[in-house]
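**Student:** Sharing a structure with you now.
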Amino acid sequence: MKRSQHFCLQVGVALALLTILGVLINNLAVNLIRTDMGLSFLWLGRPAGFALAEHPLSYRPSDSYAWALCMGWLNSLKVILCGLVLATVIGVLAGAARSSSNLLLRALSSGYVALIRQIPLLLQLLFWYFVAFLSLSGTPLAPLGALIRVSNQGIELLGLNLSVEFSALLVGLSIFTAASIAEIVRGGLNSVPSGQWEAFRSLGLPEGFGLRRVVLPQALPAILPGLTSQYLNLAKNSTLAIAVGYADVYAVSDTTITQTGRAIEGFLLLLISFLLLNLLITGGMEVLNRVVIRSQQ
Numbered sequence: 001m002k003r004s005q006h007f008c009l010q011v012g013v014a015l016a017l018l019t020i021l022g023v024l025i026n027n028l029a030v031n032l033i034r035t036d037m038g039l040s041f042l043w044l045g046r047p048a049g050f051a052l053a054e055h056p057l058s059y060r061p062s063d064s065y066a067w068a069l070c071m072g073w074l075n076s077l078k079v080i081l082c083g084l085v086l087a088t089v090i091g092v093l094a095g096a097a098r099s100s101s102n103l104l105l106r107a108l109s110s111g112y113v114a115l116i117r118q119i120p121l122l123l124q125l126l127f128w129y130f131v132a133f134l135s136l137s138g139t140p141l142a143p144l145g146a147l148i149r150v151s152n153q154g155i156e157l158l159g160l161n162l163s164v165e166f167s168a169l170l171v172g173l174s175i176f177t178a179a180s181i182a183e184i185v186r187g188g189l190n191s192v193p194s195g196q197w198e199a200f201r202s203l204g205l206p207e208g209f210g211l212r213r214v215v216l217p218q219a220l221p222a223i224l225p226g227l228t229s230q231y232l233n234l235a236k237n238s239t240l241a242i243a244v245g246y247a248d249v250y251a252v253s254d255t256t257i258t259q260t261g262r263a264i265e266g267f268l269l270l271l272i273s274f275l276l277l278n279l280l281i282t283g284g285m286e287v288l289n290r291v292v293i294r295s296q297q
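Quick note: the sequence shown, position 29, residue 29 per UniProt numbering, numbers continuous.
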């Protein structure tokens, strides 16, 4: 009896969702007919007519809208991939510091997490752009010598010049996401039995070595699911790049929609792009999770 009730409930929910979807598609079709526009992607081949401040490949305003969107997509991928790496490094270090026996490290990491998680990401991006970078002088600061130089023109890393827009977005996204990753890492480390901590400490192993070789591998199954969610959040939050003038796929799409009036097609392309990106991130993390679980069996 219960099985039949559950089946009927599932069928009812499915029918309701299909009905809502049908109504939305019907309204879309009716509005397209009324505006006499139809659904078309032929405009992608027309010249874009606008310049991009940053493009990884050759681009001119005479190139097509499709190529401009491609440049925006590559810009998004660049900041997302760099942000995932940087946020992971900072988050793991901060999370490990929160579980450290060093009181100063625990206090600093706790203060960092508490502060960053309370401030909206948009405000942080604006802070890094207008205050942290644009307010600097033209003379580069070199905190690490020739390794890295920072000025109001952006960051120069080993001869690689990063624009101020890209730098502000990358730093803001990474620091914001790393605060949440730190909490996930801390929770994962705390899930490891205390006997494992006592074991490597009783052997006289350094704290960092014990964390890397003994505790962290056992905590990975508990860390990876939450880490996946933060990676997806970073990818979606990258659309705030428009606030600092970085030409990501959302900013390019916004300009394209304004010029062509093709809002429906533009947003469909955006939805499909981020859907594919998030599926790739989720799939990659699922593979990593299976490998970690298999290695511990």
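Beta carbons: idealized from backbone N, C-alpha and C, even for Gly.
Which whole-angstrom value is the C-beta distance of V113 and A182, which I expect to be below 8 angstroms?
**Tutor:** Between A182 and V113 the Cβ distance is about 5 angstroms, and since that is below 8 angstroms, they are a contact.
**Student:** Could you please give me the residues that DSSP links to R149 through a beta bridge?
**Tutor:** R149 pairs with E156.
**Student:** With DSSP collapsed to three states, give me the class of S273.
**Tutor:** Reduced to three states, the DSSP call for S273 is helix.
**Student:** Going along the chain, which residues of its own chain have a beta-carbon closer than 8 angstroms to the beta-carbon of Q196, five neighbours each way excluded?
**Tutor:** Contacts found: V214, V215, Q218.
**Student:** Return the residue from the list V164, I155, N102 that minimises the CA-CA distance to Y129.
**Tutor:** Of V164, I155, N102, the residue nearest in Cα terms is V164.
**Student:** Given that a residue counts as buried once 16 or more other Cβ atoms are within 10 Å of its Cβ, and exposed if not, what is Q230?
**Tutor:** Q230 comes out buried.
**Student:** Taking the straight line between their C-alpha atoms, what separation do you get for L86 and G283?
**Tutor:** Near 20 angstroms, if we compare the C-alpha coordinates of G283 and L86.
**Student:** From the DSSP output, in three-state form, read off S64 for me.
**Tutor:** In this structure, S64 counts as strand in the three-state DSSP scheme.
**Student:** Would L205 pass as an interface residue toward chain D - the criterion being a Cβ-Cβ separation below 7 angstroms?
**Tutor:** Reference to chain D is not applicable here, since this structure consists of a single protein chain.
**Student:** For the alpha helix (DSSP H) holding Y129, just list the boundary residues, first then last.
**Tutor:** Where Y129 is concerned, there is no enclosing alpha helix (DSSP H), given that its DSSP letter is neither H nor E.
**Student:** Apart from the five residues on each side of it in sequence, which residues of its chain come closer than 7 angstroms, Cβ to Cβ, to G226?
**Tutor:** Correct list, in chain order: I184.
**Student:** Would you say the segment 1-18 touches the segment 231-245, given that touching needs at least three Cβ pairs under 8 angstroms?
**Tutor:** No, because fewer than three Cβ pairs between the segment 1-18 and the segment 231-245 fall closer than 8 angstroms, the two stretches do not touch.
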